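Undergrad: Submitted below is the structure of interest, expressed as structure tokens.
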Amino acid sequence: MTGARFVTILIPVMVGLAALLVWEAAVRLGDVPKFVLPAPSVIGAALLENFSSLMSALWITLRITLLAFALAVIGGVALAILFSQSRLVELALFPYAIILQVTPVVAIAPLILIWVGFDNVNLALLILAWIVAFFPILSNTTLGLRSVDHNLMDLFTLYGASRWQRLWSLQLPAALPYILGGMKISGGLALIGAVVAEFVAGSGSGTGLAWRIIEAGNRLQVPTMFAALFLLSLLGIAIFFALTLLEHLALRRWHESAVNRDF
Amino acid sequence: MTDLSPELSSGLDTPLLTLSGVAKNYGGARPAVTDVNLTVARGSFVSLVGPSGCGKSTLLRLIAGLLTPSDGGVHWDGGVRPDDLGFVFQDATLLPWASAFENVYLPLKLKGVAADDARDRVMAALGRVGLGDVPHRLPRELSGGMRMRVSIARALVTEPPVLLMDEPFAALDEFTREKLDDDLLSLWEELGWTVIFVTHSVYESVYLSERILVMGSHTGSGRIDEDLLVDAPYPRGLPFRQSPAYFDHCKAVSAALRDGEV
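As you go down the protein sequences, you meet chains A and B in turn. When you number the first sequence by our numbering, it's gap-free, plus one each residue, and the end is 523. When you number the second sequence by our numbering, it's gap-free, plus one each residue, and the end is 319.
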């Protein structure tokens, strides 16, 4: 690890630790009640105390997020490919994809819940998280498939490439940076979608992290709320870093955005 | 593949390519190309010279079948099919994620040749342009001149009887350009292609060609205004570049280009 890279990790960690120390000291010295702002040590204790129930809630939220994200990637890329093959299909469907995107998920949630039924809350959560995560993939992939160098398109025409060869050997690899960019946006959105949907569905049958936050809030167990919130942030960060790593691995050899210029 | 060695081809007078009344209108006020009548003999090296925007690239794309003429027809003879053509663009136009080998293999891959069967041909093509030792490098790991060589290797891997080149060396520095001009001429003499070469450089066109078609001397005409022959023998090299005959030809082409200026 180079010195510069070490510093880029060290500095934010130091800032974080300092903030925790200031927080702890402020709460202790100011005698702030723990139902207003619990000290980090109290939050840590709450996390340990509720570890197994919080972990099972985390697992449920994670499962819905990842499944919604995977379906968004598959659906978004597939629909974008369909758009790239037929201008007519794109003209016919793209406005509806936009409608799906601009309508707030909170407003759609009650309807989806009624349709799938309250005994199928997890399916409703999945659908809602998917709706939020789907559009960035569709939009970015559509743009990527359209942004192929025209000379390369002509070259494929000259050599009599089939539609499938053109798609597989030219358009998809060229769109890869766009698809990965869309995935980075949509990974975070899938988590937001899953949490928001759980809040709206909050009937008690949901058992993910969002429900744990509502439940703890109702009981004024603020340290547990913070512990659940901490796990949610951790999950979001983990998703972001996993996708950044994927992007780096896929593009590091050839794409301008990922090529290391330190030589 | 048809045998197209220069010895055999020089005796054939039948044109390989005939353009009759070809025009292309993009829908603007005046057509990009209008009323082009042209025949190109098998095995010849023909340059299309003219200022930017005169329609020479459009004409080359019409010849390649990448554009459909608004009027007139493009006719190939001697068993040439449209997908027999090699095309070299102004930029190297390589797949940035693919190695030099994979880029040269591409035309064969698209024609369904398996990688193992194509290996020798691809390596031979890379060898011909002097890149036999870097097949695994990606385009970004190659210099501009090397990228253009990969592009030429890709055009010649299918052993096309005809090579169409659209200002291929315009973006390169003078030294690299002269070197590639010489390499191109050696390949042409060795392989007996028919080459149609678009350039805006008078010097380059004279050095390379047997025949120079001057376009757009009448600004925006979209026609071939002059058809000049360069009767210097091949192989050409530095002595030709420095000879009075070379400069006389350059003057003649420049004069033809200036003719229509107001």
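By construction, the Cβ of each residue, glycine as well, lies at the ideal position given by its N, Cα and C atoms. Note that this is a predicted model, so its numbers are computed, not measured.
Determine the DSSP secondary structure at A:TRP514, reduced to helix, strand or coil.
TA: Here residue 514 of chain A refers to the residue found at position 254 of the first sequence. Three-state result, A:TRP514: coil.
Undergrad: Give the single residue among A:VAL282, A:LYS294 and A:THR268 whose Cα lies nearest to the Cα of A:PHE486.
TA: For the purposes of this step, residue 486 of chain A is taken as the residue at position 226 of the first sequence. That would be A:LYS294, whose Cα lies nearest to the Cα of A:PHE486.
Undergrad: Check the C-beta distance from B:VAL207 over to B:LEU199 and give it rounded, since I have them as a contact under 8 Å.
TA: As a first step, residue 207 of chain B is located in the second sequence; it is residue number 150 there, counting from the start. As a first step, residue 199 of chain B is located in the second sequence; it is residue number 142 there, counting from the start. About 7 Å separates the two Cβ atoms, so the contact holds.
Undergrad: If you pair each beta-carbon of the segment 405–417 of chain A with each one of the segment 360–368 of chain A, do three or more pairs fall below 8 Å?
TA: Segments in contact, no.
Undergrad: So for B:GLY232, helix, strand or coil by DSSP?
TA: Counted from its first residue, the second sequence places residue 232 of chain B at position 175. The sequence shown places Phe at residue 232 of chain B, not Gly. Residue state, collapsed to three classes: helix.
Undergrad: Residues in the same chain with beta-carbon distance under 6 Å from A:ILE445, minus the five sequence neighbours each way, listed in chain order, please.
TA: Indexing the first sequence from 1 puts residue 445 of chain A at position 185. Here the set comprises PRO396.
Undergrad: Could you pull out every residue in the same chain whose Cβ sits closer than 7 Å to the Cβ of B:GLY187, ignoring the five residues on either side in sequence?
TA: Working through the second sequence from its first residue, we reach residue 187 of chain B at position 130. Excluding residues within five positions, the ones whose Cβ falls inside 7 Å are ARG206.
Undergrad: Near B:VAL259, which residues of its chain fall below 6 Å by C-beta distance, leaving aside the five closest residues on each side in sequence?
TA: Translated into the one-based positions of the second sequence, residue 259 of chain B becomes position 202. Cβ neighbours of B:VAL259 beyond the five flanking positions: CYS307, VAL310 and SER311.
Undergrad: With a Cβ-Cβ cutoff of 8 Å, do B:ARG204 and B:PRO196 count as a contact?
TA: In the second sequence, residue 204 of chain B corresponds to position 147, counting from 1. In the second sequence, residue 196 of chain B corresponds to position 139, counting from 1. Contact: yes.
Undergrad: Hey, which unbroken runs of the beta strand (DSSP E) at 3 residues or more fall wholly within the segment 356–420 of chain A?
TA: Entirely contained in the segment 356–420 of chain A, not one beta strand (DSSP E) run reaches 3 residues.
Undergrad: Counting C-beta neighbours from all protein chains within 10 Å, is the total for B:PHE304 16 or more, i.e. buried, or is it exposed?
TA: Taking the second sequence and counting its residues from 1, one reaches residue 304 of chain B at position 247. It counts as exposed.
Undergrad: Which residues in chain B sit within 7 Å of A:TRP471, going by Cβ to Cβ distance?
TA: Here the question's residue 471 of chain A lines up with position 211 in the first sequence. Within 7 Å Cβ-Cβ: nothing; A:TRP471 doesn't reach chain B, min ~44 Å.
Undergrad: As a quick exercise: from B:LEU241, B:PHE158 and B:LEU151, pick the residue whose alpha carbon is nearest that of B:ARG194.
TA: Residue numbering aside, residue 194 of chain B sits at position 137 when the second sequence is read from its first letter. Among B:LEU241, B:PHE158 and B:LEU151, the Cα nearest to that of B:ARG194 is on B:PHE158.
Undergrad: For a contact defined as C-beta to C-beta under 8 Å, what are the partners of A:ALA421 on chain B?
TA: Against the first sequence, residue 421 of chain A aligns to sequence position 161. LEU167, listed in chain order.
Undergrad: Would A:SER312 and A:GLU284 qualify as a contact pair, given that the criterion is a beta-carbon distance under 8 Å?
TA: Counted from its first residue, the first sequence places residue 312 of chain A at position 52. Counted from its first residue, the first sequence places residue 284 of chain A at position 24. In this structure, A:GLU284 does not lie closer than 8 Å to A:SER312 by Cβ.
Undergrad: So that I know if they touch, is there some Cβ in chain B lying closer than 8 Å to that of A:TRP514?
TA: Looking up residue 514 of chain A in the first sequence gives position 254. A:TRP514 counts as touching chain B.
Undergrad: If I measure Cβ to Cβ from A:VAL333 and keep anything under 7 Å in the same chain, skipping five residues before and after, which residues do I get?
TA: For the purposes of this step, residue 333 of chain A is identified with residue 73 of the first sequence, where counting begins at 1. So the qualifying residues of the chain are ILE397 and MET443.
Undergrad: What is the rounded straight-line gap between the Cα of B:GLY100 and the Cα of B:ASP288?
TA: Looking up residue 100 of chain B in the second sequence gives position 43. Looking up residue 288 of chain B in the second sequence gives position 231. Approximately 15 Å between the Cα atoms of the pair.
Undergrad: Using 7 Å as the cut-off, classify the Cβ of A:LEU492 as near or not near the heavy atoms of the ligand ADP, replying yes or no.
TA: Among the ligands in the structure shown, none appear at all, so the ligand ADP cannot be discussed.
Undergrad: Under 8 Å between C-beta atoms, does A:ASN400 make it to chain B?
TA: The residue given as residue 400 of chain A occupies position 140 in the first sequence. No, its Cβ sits nowhere closer than 8 Å to a Cβ of chain B.
Undergrad: Under three-state DSSP, which class holds A:VAL460?
TA: Reading the first sequence from its first residue, position 200 is the one you call residue 460 of chain A. DSSP places A:VAL460 in helix when its eight states are reduced to three.
Undergrad: Spatial neighbours of A:THR321 within its chain, please: C-beta separation below 8 Å, excluding the five flanking residues on both sides.
TA: For the purposes of this step, residue 321 of chain A is identified with residue 61 of the first sequence, where counting begins at 1. Closer than 8 Å at Cβ, skipping near neighbours: LEU451, ALA454, VAL455, GLU458, GLY468, LEU469, ALA470, LEU492 and LEU495.
Undergrad: Does B:THR96 get closer than 8 Å to chain A when you measure Cβ to Cβ?
TA: Numbered from 1 along the second sequence, position 39 holds the residue referred to as residue 96 of chain B. So, not an interface residue.
Undergrad: Look at the Cβ atom of B:PRO72, then the Cβ atom of B:ASP141, and state whether they are nearer than 8 Å.
TA: The residue you call residue 72 of chain B lines up with position 15 of the second sequence. The residue you call residue 141 of chain B lines up with position 84 of the second sequence. Contact flag unset, no.
Undergrad: Since B:MET272 and B:ASP282 are thought to touch, with beta carbons under 8 Å apart, how far apart are those beta carbons, to the nearest angstrom?
TA: Position 215 of the second sequence, counting from 1, holds the residue named residue 272 of chain B. Position 225 of the second sequence, counting from 1, holds the residue named residue 282 of chain B. That pair is a contact at about 7 Å.
Undergrad: Measure from the C-beta of A:ALA403 to each C-beta in chain B and report whether the shortest distance is under 8 Å.
TA: Residue mapping note: residue 403 of chain A aligns to position 143 of the first sequence, counting from 1. Contrary to the premise, residue 403 of chain A reads as Leu rather than Ala in this sequence. No, A:LEU403 lies away from the interface with chain B (no Cβ there is under 8 Å from its Cβ).
Undergrad: Using CA coordinates, which residue listed in B:ARG138, B:ARG118 and B:VAL131 is at the minimum distance from B:PHE146?
TA: Locating residue 146 of chain B in the second sequence gives position 89, counting from the first residue. The shortest C-alpha separation from B:PHE146 is found at B:ARG118.
Undergrad: Pick from B:PRO217, B:GLU261 and B:GLU246: whose alpha carbon is nearest that of B:ASP137?
TA: Start at 1 with the first residue of the second sequence, and residue 137 of chain B comes out as number 80. Looking at the sequence shown, residue 137 of chain B is not Asp but Val. Comparing Cα-Cα distances from B:VAL137 to each of B:PRO217, B:GLU261 and B:GLU246, the minimum goes to B:PRO217.
Undergrad: Note down the Cα distance separating A:GLY336 from A:ILE359, rounded to an integer number of angstroms.
TA: Residue 336 of chain A sits at position 76 when you count from the first residue of the first sequence. Residue 359 of chain A sits at position 99 when you count from the first residue of the first sequence. One C-alpha to the other measures close to 15 Å.
Undergrad: Residues of chain A with CB closer than 9 Å to the CB of B:ARG280, please, in chain order.
TA: In the second sequence, counting from the first residue as 1, residue 280 of chain B sits at position 223. Result: empty, since nearest Cβ-Cβ is about 24 Å, beyond 9 Å.
Undergrad: So the candidates are A:GLY404, A:LEU371 and A:LEU436; which of them puts its Cα closest to the Cα of A:SER344?
TA: In the first sequence, residue 344 of chain A corresponds to position 84, counting from 1. It is A:GLY404.
Undergrad: From the DSSP output, read off the bridge partner residues of B:SER77.
TA: For the purposes of this step, residue 77 of chain B is taken as the residue at position 20 of the second sequence. According to DSSP, which records beta bridges pairwise, B:SER77 is partnered with B:GLY130.
Undergrad: So that I know if they touch, is there some Cβ in chain B lying closer than 8 Å to that of A:LEU418?
TA: Counting from 1 along the first sequence, the entry for residue 418 of chain A is found at position 158. Yes, because at least one Cβ of chain B sits closer than 8 Å to the Cβ of A:LEU418.
Undergrad: Decide if A:MET315 is buried, meaning its Cβ has at least 16 other Cβ atoms within 10 Å, or exposed.
TA: Taking the first sequence and counting its residues from 1, one reaches residue 315 of chain A at position 55. Exposed, since its Cβ has fewer than 16 Cβ neighbours within 10 Å.
Undergrad: Can you list, in chain order, the residues of its chain with a C-beta nearer than 7 Å to that of B:ALA175? Leave out the 5 residues immediately preceding and following it.
TA: Within the second sequence, numbered from 1, the residue matching residue 175 of chain B stands at position 118. These residues qualify, in order along the chain: TYR162 and LEU165.
Undergrad: Tell me whether the beta-carbon of B:VAL90 lies closer than 8 Å to the beta-carbon of B:THR251.
TA: Reading the second sequence from its first residue, position 33 is the one you call residue 90 of chain B. Reading the second sequence from its first residue, position 194 is the one you call residue 251 of chain B. Not closer than 8 Å, so no.
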